[in-house]
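Reviewing the structure listed below.
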Amino acid sequence: MNKSLKKKDAQVLFLIALPGLLHFLIFKYVPLAGNVIAFQNYNLFQGFLNSEWVGFDHFIRMFRFEDFSRIFLNTLRLGIYSIVFGFPAPLVLALLLHEVRALWMKKPVQTLLYLPHFLSWVIVGGIFLNFLDVKGLINGLLLRIGIGPIDFIGDSAYFIGTLISIGIWKEVGWGMIIYLAALAGINPNLYEAAMVDGAGRWKRMWHISLPSLMPAIVVLLLLRIGNLMDANIEQMLIFLNPLVRDVGEVFDTYIYRVGLLGSQFSYTTAIGIFKSVIGLLLIVFVNSLSKRTTGESIY
Amino acid sequence: MIRTRQDRMFACINGCLLLGISFLMVAPMIHLLAVSLSAPQFANAKLVGLWPRGIQFDVYKSILDSDSLWRAMSISVYITVLGTFLALLLNGSLAYALSRSVMPGRKLALQLILVTFIFPAPLIPTYLLIKELGMVNSLWSLMIPGAMGAFYVFIMKTFFQGIPGELFDAAKIDGSGEIRLFARIVLPLSMPVMATIALFHAVGQWNSYFSALIFLRTKSLYPLQVMLQNLIVQDGANSGVDNNFQLSMQFTPEMMKAGVVLFATAPILIVYPFLQKYFVQGALLGSLKE
Chain X
1 MNKSLKKKDA QVLFLIALPG LLHFLIFKYV PLAGNVIAFQ NYNLFQGFLN
51 SEWVGFDHFI RMFRFEDFSR IFLNTLRLGI YSIVFGFPAP LVLALLLHEV
101 RALWMKKPVQ TLLYLPHFLS WVIVGGIFLN FLDVKGLING LLLRIGIGPI
151 DFIGDSAYFI GTLISIGIWK EVGWGMIIYL AALAGINPNL YEAAMVDGAG
201 RWKRMWHISL PSLMPAIVVL LLLRIGNLMD ANIEQMLIFL NPLVRDVGEV
251 FDTYIYRVGL LGSQFSYTTA IGIFKSVIGL LLIVFVNSLS KRTTGESIY
Chain P
1 MIRTRQDRMF ACINGCLLLG ISFLMVAPMI HLLAVSLSAP QFANAKLVGL
51 WPRGIQFDVY KSILDSDSLW RAMSISVYIT VLGTFLALLL NGSLAYALSR
101 SVMPGRKLAL QLILVTFIFP APLIPTYLLI KELGMVNSLW SLMIPGAMGA
151 FYVFIMKTFF QGIPGELFDA AKIDGSGEIR LFARIVLPLS MPVMATIALF
201 HAVGQWNSYF SALIFLRTKS LYPLQVMLQN LIVQDGANSG VDNNFQLSMQ
251 FTPEMMKAGV VLFATAPILI VYPFLQKYFV QGALLGSLKE
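Residue numbers (UniProt numbering), protein chains in the order written: chain X, 1 to 299; chain P, 1 to 290.
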């Protein structure tokens, strides 16, 4: 092809890409670079060019902060519980739904299961704060069978369980889509051959369905572990209340509350860096572990 | 297929279980609807389950009469439509350029985008940046910073690359430049991926409240979700909902909340059945591995 035409095409393409590239530079890279304020006493009026440098002071202050270990453990606990209980839920649901042969039932059930994913956290909050209230419908039912009342939202003993259950309620249907697709792609001959060999339902699930889902399971699990330290801030802001702060305060809510509302920008940016370093280490570790054991990896 | 008695029993139990779970997905909303439609004395006494008792429509009358709720709704519609358009334009054009082999610096750009997937922009520095850019207290702060994502770009690029190269060659021979290729060949063939990304982004934009919470100061700019958040979390005080609306309640705060929650959900529920085909497709597109 004509060389000058090709050069012109390259220029045009670059211009087409430019707004998008600039967006990534400004809104993703500049904030990443903005992490330097963790090593300064950032002052709104002096900007990060003129603020005073303080080295690792904020990190030291963070580790000395008496509530640090509590918040760290809360974050870890919430992350681990939500993986242990939240991760298998869509998988189990997909396996169950896959067994349904009747289309008249499968389609409507799927539609209802996806629905909560499309509701905002505010709406989900509006629904459940009412539903789980000490005087709400659930406690009414519990009282009738002689239990409770249970303060699901305001009692530290129940709060984490409530939070995770609501998270599962919202996302379980959405999460199962990818498994359903993988299940639909399995060659039916495999199942028939297994049945001829006398494999029952469990054997077929164990030896055919699960191995076929394995790549998807591993990749999704790895990504999930990489985000172990990230709480869903929109969910937390709705459900977290002073009564359960002892178990419910996590890094993300602390950064929002103390950093943004309390204007302690440098200090909480240091906490943010700490959080992402842990996340990065986790993902590097589990990824190499998975590469060696299952052969699957995300990079 | 031979069906044994065991098979039938499993199908039966499994079916009942799934029906039960799907019921759990809608039961809370049915309850809210019942509460908002019941007579205040029953709602107050918590006697309403899934069926309204002593029907009245006053809650919805005052919601529909409330100027502040309608204004919030129109702001939500505005940022959703414009924000989604911006997202399609920015992500689509970048993805198209990156899908073409003559694009200069293609590899580097892709790597830089991938990095942002692993290291998301941190909260505090992002906030300070938006502040420096003077976008605080403007609706742009809700639409521009979140317009692009590595995920969107990769999905679109993968889709564009699946379009047969012969089409491009033929158009090139006819003298088309890159812009015409994009507009005349790629875009018409990319409706599925465009619809999917539009749907994802629109739902996210409609539902998000955190950025509005941190960037907006003026109550008259609040989108629906923020107004709702204030109403639900702070019990109506300072929510931005006009006082007439709150004073006019002879019904309980629970009934009002239930009504407003459903008012805010209605648009999603109305478009939901039409979008199903796209979002399943989209969730699968997202699972493509590079």
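The beta carbon of each residue, even a glycine, is placed where N, CA and C say it ideally should be. It should be emphasised that the depicted structure is a prediction, and the values quoted were computed from it without experimental measurement.
Any C-beta of chain X under 8 angstroms from that of residue i
i, result
"glutamine 276(P)", "yes"
"lysine 46(P)", "yes"
"phenylalanine 10(P)", "yes"
"isoleucine 270(P)", "no"
"serine 38(P)", "no"
"asparagine 137(P)", "no"
"glutamine 111(P)", "no"
"leucine 98(P)", "yes"
"tyrosine 127(P)", "yes"
"threonine 116(P)", "yes"
"methionine 255(P)", "no"
"valine 81(P)", "no"
"alanine 264(P)", "yes"
"phenylalanine 119(P)", "yes"
Simplified DSSP assignment, three categories, for residue i
i, result
"tryptophan 51(P)", "coil"
"asparagine 43(X)", "coil"
"glutamate 132(P)", "helix"
"glutamate 52(X)", "strand"
"threonine 293(X)", "helix"
"glycine 149(P)", "coil"
"alanine 87(P)", "helix"
"leucine 247(P)", "Confidence is the limiting factor: at leucine 247(P) the pLDDT is only 49, short of 50, which leaves the residue's position unreliable and the question unanswerable from this model."
"valine 100(X)", "coil"
"asparagine 137(P)", "coil"
"tyrosine 209(P)", "coil"
"threonine 4(P)", "coil"
"phenylalanine 85(X)", "helix"
"serine 263(X)", "coil"
"glutamine 225(P)", "helix"
"valine 134(X)", "coil"
"tyrosine 299(X)", "coil"
"arginine 100(P)", "coil"
Residue i versus residue j: straight-line alpha-carbon distance, rounded
i, j, result
"leucine 95(X)", "arginine 101(X)", "12 angstroms"
"residue 293(P)", "tryptophan 140(P)", "The shown model of chain P, from 1 to 290, leaves out residue 293(P), and the question about it has no answer."
"glycine 47(X)", "asparagine 35(X)", "13 angstroms"
"tyrosine 272(P)", "glutamate 52(X)", "52 angstroms"
"isoleucine 60(X)", "glutamate 249(X)", "20 angstroms"
"lysine 219(P)", "threonine 126(P)", "22 angstroms"
"isoleucine 214(P)", "serine 276(X)", "22 angstroms"
"alanine 237(P)", "lysine 257(P)", "Because the pLDDT at alanine 237(P) is just 48, under 50, the model does not fix this residue reliably, and the value given afterwards should be weighed accordingly. If you take the alpha carbons of alanine 237(P) and lysine 257(P), they lie about 13 angstroms apart."
"proline 90(X)", "leucine 98(P)", "34 angstroms"
"methionine 103(P)", "isoleucine 233(X)", "38 angstroms"
"tyrosine 81(X)", "leucine 189(P)", "44 angstroms"
"asparagine 50(X)", "phenylalanine 274(X)", "24 angstroms"
"isoleucine 26(X)", "glycine 272(X)", "19 angstroms"
"serine 211(P)", "glutamine 40(X)", "26 angstroms"
"isoleucine 55(P)", "serine 93(P)", "53 angstroms"
"leucine 17(P)", "lysine 135(X)", "28 angstroms"
"serine 176(P)", "glutamine 281(P)", "31 angstroms"
"alanine 195(P)", "leucine 213(X)", "28 angstroms"
"aspartate 155(X)", "lysine 170(X)", "22 angstroms"
"isoleucine 16(X)", "arginine 77(X)", "46 angstroms"
"serine 81(P)", "leucine 113(X)", "Rather than serine, the amino acid found at residue 81(P) in this sequence is valine. The alpha-carbon atoms of valine 81(P) and leucine 113(X) are separated by roughly 26 angstroms."
"threonine 293(X)", "methionine 176(X)", "25 angstroms"
"threonine 162(X)", "tryptophan 202(X)", "31 angstroms"
Within-8 angstroms CB hit, residue i to chain P
i, result
"lysine 234(X)", "Per the sequence shown, residue 234(X) should be read as glutamate rather than lysine. Answer yes: the Cβ-Cβ gap between glutamate 234(X) and chain P drops below 8 angstroms somewhere."
"glutamate 99(X)", "yes"
"lysine 6(X)", "yes"
"isoleucine 208(X)", "no"
"leucine 243(X)", "no"
is_contact[residue i, chain B] using C-beta, thresh 8 angstroms
i, result
"glutamine 41(P)", "The displayed structure is made up of protein chains X and P, and chain B is not among them."
Pick out the complete beta strand (DSSP E) segments inside the region 166-199 of chain P, 3 residues or longer, and give them in chain order. Taking 3 residues as the minimum length, the region 166-199 of chain P contains no beta strand (DSSP E) run wholly inside it.
Please list the residues of the region 18-39 of chain X that have a C-beta atom closer than 7 angstroms to any C-beta atom in chain P, keeping them in chain order. Here the close residues are Pro19, Gly20, Leu21, His23, Phe24, Phe27, Lys28, Val30, Pro31, Leu32, Gly34, Asn35, Ile37.
4-residue-minimum alpha helix (DSSP H) runs that sit fully inside the region 179-255 of chain X, ordered along the chain: Taking only runs of at least 4 residues, the alpha helix (DSSP H) segments lying wholly in the region 179-255 of chain X are 188-196, 201-204, 210-226, 233-239, 245-248, 251-254.
Members of the region 103-126 of chain X near chain P, C-beta cut-off 8 angstroms: The residues in question are Met105, Pro108, Val109, Thr111, Leu112, Leu113, Tyr114, Leu115, Pro116, Phe118, Leu119, Ser120, Trp121, Val122, Ile123, Gly125, Gly126.
When you check each C-beta in the region 140-167 of chain P against every C-beta of chain X, which residues fall closer than 9 angstroms? Answer in chain order: Ile144, Pro145, Gly146, Ala147, Met148, Ala150, Val153.
What residues from the region 194-218 of chain P come within 9 angstroms of chain X, judged by C-beta to C-beta, listed N to C? Taking a C-beta cut-off of 9 angstroms against chain X, the contacting residues of the region 194-218 of chain P are Val203, Trp206, Asn207, Ser208, Tyr209, Phe210, Leu213, Ile214, listed in chain order.
Members of the region 44-76 of chain P near chain X, C-beta cut-off 7 angstroms: Those residues of the region 44-76 of chain P placed with their C-beta closer than 7 angstroms to a C-beta in chain X are Lys46, Gly49, ordered along the chain.
Near-chain P residues of the region 180-206 of chain X - C-beta to any C-beta below 7 angstroms: Those would be Ala181, Arg201, in chain order.
Given a limit of 8 angstroms on CB to CB distance, which residues of the region 262-278 of chain X reach chain P? Within the region 262-278 of chain X, the qualifying residues are Phe265, Thr268, Thr269, Gly272, Ile273, Ser276.
Select from the region 127-142 of chain X all residues with a C-beta closer than 8 angstroms to any C-beta belonging to chain P, and list them in chain order. For the region 127-142 of chain X, the residues whose beta carbon sits under 8 angstroms from a beta carbon of chain P are, in order, Ile127, Phe128, Leu129, Asn130, Phe131, Lys135, Gly136, Leu137, Gly140.
Looking at chain X, which residues of the region 180-193 of chain P have a Cβ within less than 8 angstroms of any of its Cβ atoms? So the close ones are Phe182.
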